[in-house]
Amino acid sequence: MPVYVREHAGSTPVRKQVGSGHRLVLHPVEPLRLPEEITQFLELAFDPHLIGPGEEQVVHLLFPFDLGVFVCSPGATDLIDLFSLNRPKFSLYGPLTGGFVTRWYRSRLSVGRPTPDPYVEGVLRLSIRNQTRDWVEVGRAVFDCRGMKLWFGDRVGMVGSMRILRSSHAETEVQDEPLMPGWTRATELLSSKRIPGLSRPCCTMEAGVR
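Numbering (the numbering used here), first residue to last: 28 to 237.
What follows is the structure in structure tokens.
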């Protein structure tokens, strides 16, 4: 019987038997459950970027992802292993009372599409729309991981939007479209857990965008 094995220095080896006729796939997945399921939010921090009144800009950010190993059989896809080449960090977005914990990641903002390590970082194409009458400095974006739609080709990517409603208030969302034509849709962790009726939420940022 085929056996799946993953070994890494300093960690316990993973060994699982896989039935004959099943297919194993490695997909990028939401950075949601390592080291354990602490939060559903991903916070990307980057050097402050100015957006003019009524302006819309398209930028690119780097984001972390985990790697899921799935066993596929007719009519079923199940997660059998989950690991990451990133070291998770966490932060508090907002005040001690009323804020929430995020998976925090130091990102880099660029106008052109970057070329990160395809097993470590993905590329987020983010459309930022300033709906205020003031200049706004943006230095972070928070997303609900339950709404993440990852795609992969020569690297991992997703497409998102950010609407700035006030100088300290914004909404973010991830669109269900590939970063580049011809890319493959990644299996979602929440889909593999078969949670019925789950909406694809946007994230409301009420504690600032800097």
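All C-beta atoms in this analysis are idealised placements derived from N, C-alpha and C, irrespective of residue type, glycine included. None of the values given here were measured: they were computed from a predicted structure.
Would you check if the distance between the CB atom of residue i and the CB atom of residue j is smaller than 8 Å?
i, j, result
"residue 132", "residue 75", "no"
"residue 70", "residue 169", "yes"
"residue 147", "residue 177", "no"
"residue 88", "residue 73", "yes"
"residue 214", "residue 124", "no"
"residue 187", "residue 153", "yes"
Whole angstroms is fine: what's the gap from residue i's alpha carbon to residue j's?
i, j, result
"residue 234", "residue 193", "11 Å"
"residue 121", "residue 67", "15 Å"
"residue 246", "residue 204", "Lying before the first or after the last residue shown, residue 246 is absent from the chain, which here runs from 28 to 237."
"residue 65", "residue 114", "14 Å"
"residue 46", "residue 54", "20 Å"
"residue 143", "residue 181", "11 Å"
"residue 172", "residue 228", "9 Å"
"residue 137", "residue 151", "10 Å"
"residue 49", "residue 127", "40 Å"
"residue 41", "residue 198", "40 Å"
"residue 30", "residue 134", "37 Å"
"residue 35", "residue 145", "19 Å"
"residue 63", "residue 101", "29 Å"
Can you check which of these residues, the options, is closest to residue i by C-alpha distance?
i, options, result
"residue 246", "104, 190, 203, 113", "Because the chain here runs from 28 to 237, residue 246 falls outside it and cannot be looked at."
"residue 167", "178, 207, 174, 118", "118"
"residue 130", "136, 33, 116", "116"
"residue 232", "174, 195, 98, 216", "195"
"residue 160", "188, 199, 83", "83"
"residue 32", "64, 229, 110", "110"
"residue 216", "208, 107, 183", "107"
"residue 94", "141, 101, 209, 149", "149"
"residue 209", "197, 198, 184, 188", "184"
"residue 211", "35, 30, 52", "52"
"residue 162", "155, 97, 77", "77"
"residue 141", "164, 158, 86", "86"
"residue 201", "164, 155, 96", "155"
"residue 96", "43, 63, 139, 102", "43"
Using the three-state DSSP reduction, which class does residue i fall into: helix, strand or coil?
i, result
"residue 230", "strand"
"residue 220", "Bear in mind that the predicted position of residue 220 carries a pLDDT of just 48, short of 50, making it unreliable; the figure below should be weighed with that in mind. Residue 220 falls in the coil class under three-state DSSP."
"residue 139", "coil"
"residue 173", "helix"
"residue 98", "strand"
"residue 147", "coil"
"residue 181", "coil"
"residue 72", "strand"
"residue 87", "strand"
"residue 207", "coil"
"residue 198", "strand"
"residue 239", "For residue 239 there is no data in the structure shown, the boundaries of the chain being 28 and 237."
"residue 187", "strand"
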